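Please read the structure below before turning to the comments.
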Amino acid sequence: MSKSVRGVVARAKGAPVSIETIVVPDPGPGEARVKVQACGVCHTDLHYREGGIGDDYPYLLGHEAAGIVESVGEGVTEVAVGDFVILNWRAVCGDCRACRRGRPQYCFATHNATQKMTLEDGTELSPALGIGAFAELTLVAAGQCTKVDPEADPAAAGLLGCGVMAGLGAAVNTGNVGRGDTVAVIGCGGVGDAAIAGARLAGAARIIAVDLDDRKLEWARRAGATHTVNSRSGDPVEAIRELTGGFGADVVIDAVGRPETYKQAFYARDLAGTVVLVGVPTPDMTLELPLLDVFGRGGALKSSWYGDCLPSRDFPMLIDLYRQGRFDLDAFVSERITLADVEAAFEKMHHGDVLRSVVIL
Numbered sequence: 001m002s003k004s005v006r007g008v009v010a011r012a013k014g015a016p017v018s019i020e021t022i023v024v025p026d027p028g029p030g031e032a033r034v035k036v037q038a039c040g041v042c043h044t045d046l047h048y049r050e051g052g053i054g055d056d057y058p059y060l061l062g063h064e065a066a067g068i069v070e071s072v073g074e075g076v077t078e079v080a081v082g083d084f085v086i087l088n089w090r091a092v093c094g095d096c097r098a099c100r101r102g103r104p105q106y107c108f109a110t111h112n113a114t115q116k117m118t119l120e121d122g123t124e125l126s127p128a129l130g131i132g133a134f135a136e137l138t139l140v141a142a143g144q145c146t147k148v149d150p151e152a153d154p155a156a157a158g159l160l161g162c163g164v165m166a167g168l169g170a171a172v173n174t175g176n177v178g179r180g181d182t183v184a185v186i187g188c189g190g191v192g193d194a195a196i197a198g199a200r201l202a203g204a205a206r207i208i209a210v211d212l213d214d215r216k217l218e219w220a221r222r223a224g225a226t227h228t229v230n231s232r233s234g235d236p237v238e239a240i241r242e243l244t245g246g247f248g249a250d251v252v253i254d255a256v257g258r259p260e261t262y263k264q265a266f267y268a269r270d271l272a273g274t275v276v277l278v279g280v281p282t283p284d285m286t287l288e289l290p291l292l293d294v295f296g297r298g299g300a301l302k303s304s305w306y307g308d309c310l311p312s313r314d315f316p317m318l319i320d321l322y323r324q325g326r327f328d329l330d331a332f333v334s335e336r337i338t339l340a341d342v343e344a345a346f347e348k349m350h351h352g353d354v355l356r357s358v359v360i361l
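Numbering (full-length UniProt numbering), first residue to last: 1 to 361.
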């Protein structure tokens, strides 16, 4: 039987969000219905509200979530009723060319629930990243649920569902940061700080944080940065070179996603070093680099999509590290709020006042 719950909806481009009654159907084959316990307010949700991702309004926002499986549909074996899960937007298909080559983290045919959640009048909702978790219940593909240790705090655990995993994975999975490496991270919001934490976990010897905001640089130090550079005060490329004996960093992660910051990352790396782009550009942005410099500096230029993660592999491991006190997920939770506070949380995010606001349900 379908159930009616409260959820946060973006009805039109740029319009303030509203709390609406959401109708969540019973799970069908391969689907799971999840009682959401906590959901982070991610910049991607703001992009949906602003029309930066599409125009399939109305959107049911929210996707960085953790909760309890309330019911499952026919054929579901991945999870069972009562499991504590983190939701993800990479439910791998198992059959595309990436999956068949043993690289499911690059699955080209990830999927979502087949059925649609609706408003009371039957209007179909587009769930953010196929999840829609600013709601007391949500319907997802069972493969979007990753079972983890139920002792984890849902407010912290849910953040692995997007931003924290994207940043940490950019360092660990995409950048292949290793013991003794020097790493620079440009942009120290939630994703950048997660990249710093990932570099620290991987054993980087020196981690250089770059930002325009001294407050964010202090957050970066708490995440594991050994050095900070305020790029308002001078050229960050020169500063990174000075801190690396004139050579540049082994891995430079651009967590901003602008042509200017990408060029800084490109020229701040050592010869044969790696640049990782994890900040998301807008469609109008273009990049121009001398091709001879691309050739002459060698190394690798990579883009990191969702931290090149495989949720079934990475989420349980990171929750275990969190429970052991080796990975401070709690540090990313700036405040705990209600569904009614989501619009205000967008403003705080816009002004850089928080790493993550987390809705508690």
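No residue lacks a Cβ here, since even glycine has one placed at the ideal position from N, Cα and C. Given the structure is predicted, the values throughout are model-derived calculations rather than measurements.
query	result
DSSP beta-bridge partners of Asp270	Asp270 is not bridged to any residue.
Sub-8 Å separation of Arg269 and Gly299 beta-carbons	yes
Contact under 8 Å by Cβ, Ala331 with Ala223	yes
Minimum length 4: unbroken alpha helix (DSSP H) runs contained in the region 271-356	291-297, 311-323, 342-350
For Asp250 and Pro236, the rounded distance between their alpha carbons	15 Å
Within the region 18-42, ranges of the beta strand (DSSP E) (whole runs, at least 3 residues)	18-24, 31-40
CA nearest to the CA of Tyr59, picked from Glu20, Ala340, Glu136, Val164	Glu20
Exposure of His227, with buried meaning 16 or more beta-carbon neighbours within 10 Å	buried
Residue from Val275, Thr182, Asp193, Arg221 whose Cα sits closest to the Cα of Leu243	Thr182
Leu212 to Arg241 span [Cα, whole Å]	18 Å
Span separating the alpha-carbon of Leu139 from that of Val23	10 Å
At least 3 beta-carbon pairs within less than 8 Å: the region 267-285 vs the region 67-87	no
Interface flag, Gly94 vs chain C, CB-CB below 8 Å	Absent from the structure is chain C; it holds one protein chain and no more.
Beta-carbon spacing of Val359, Ala38 below 8 Å	yes
Whole-number beta carbon distance between Gly143 and Gly167, since they are thought to touch under 8 Å	Actually they do not touch by this definition, with Cβ atoms about 23 Å apart.
CB-CB length for Arg90 against Pro283, believed under 8 Å	Wrong, their Cβ atoms sit about 22 Å apart, outside the cutoff.
Sufficient close CB pairs (3 or more, under 8 Å) joining the region 160-178 to the region 301-308	yes
Close Cβ partners of Ser2 (< 7 Å) along its chain, the five nearest in sequence each way excluded	Val23, Val24, Pro25, Asp26
C-alpha distance - Val229 paired with Thr261, whole-angstrom precision	14 Å
Length of the line joining the Cα atoms of Glu78 and Gly158	18 Å
Three-state secondary structure assigned by DSSP to Asn230	strand
Residue interval of the beta strand (DSSP E) (run including Leu217)	Segment 214-223 is the alpha helix (DSSP H) holding Leu217; no beta strand (DSSP E) there.
Given 8 Å, three or more beta-carbon pairs between the region 28-36 and the region 108-119	yes
Ile208 versus Asp214, Arg221, Pro150, residue with shortest Cα-Cα distance	Arg221
Rounded separation between Ile131 and Gln264 - CA only	35 Å
Reduced DSSP secondary structure (H/G/I, E/B, other) of Gly167	helix
Three-state class that DSSP yields for Lys3 in the structure shown	strand
Buried versus exposed, by CB contacts within 10 Å (16 or more), His351	exposed
Outcome for Val294 when other beta-carbon atoms lying within 10 angstroms are tallied against a minimum of 16	exposed
Complete beta strand (DSSP E) runs within the region 42-83 (minimum length 3 residues, chain order)	64-72
Segments assigned alpha helix (DSSP H), at least 4 residues, entirely inside the region 93-180	97-100, 154-157, 163-169
Proximity to Thr44 [Cα-Cα], best of Thr146, Ala128, Leu291	Ala128
Outcome for Thr338 when other beta-carbon atoms lying within 10 angstroms are tallied against a minimum of 16	exposed
Separation of Glu335 from Met349, as counted between CA atoms	12 Å
Member of Leu291, Val5, Phe315, Met317 whose CA lies at the smallest distance from the CA of Leu137	Val5
Residue of Pro259, Gly7, Gly14, Gly178 minimising C-alpha distance to Leu119	Gly7
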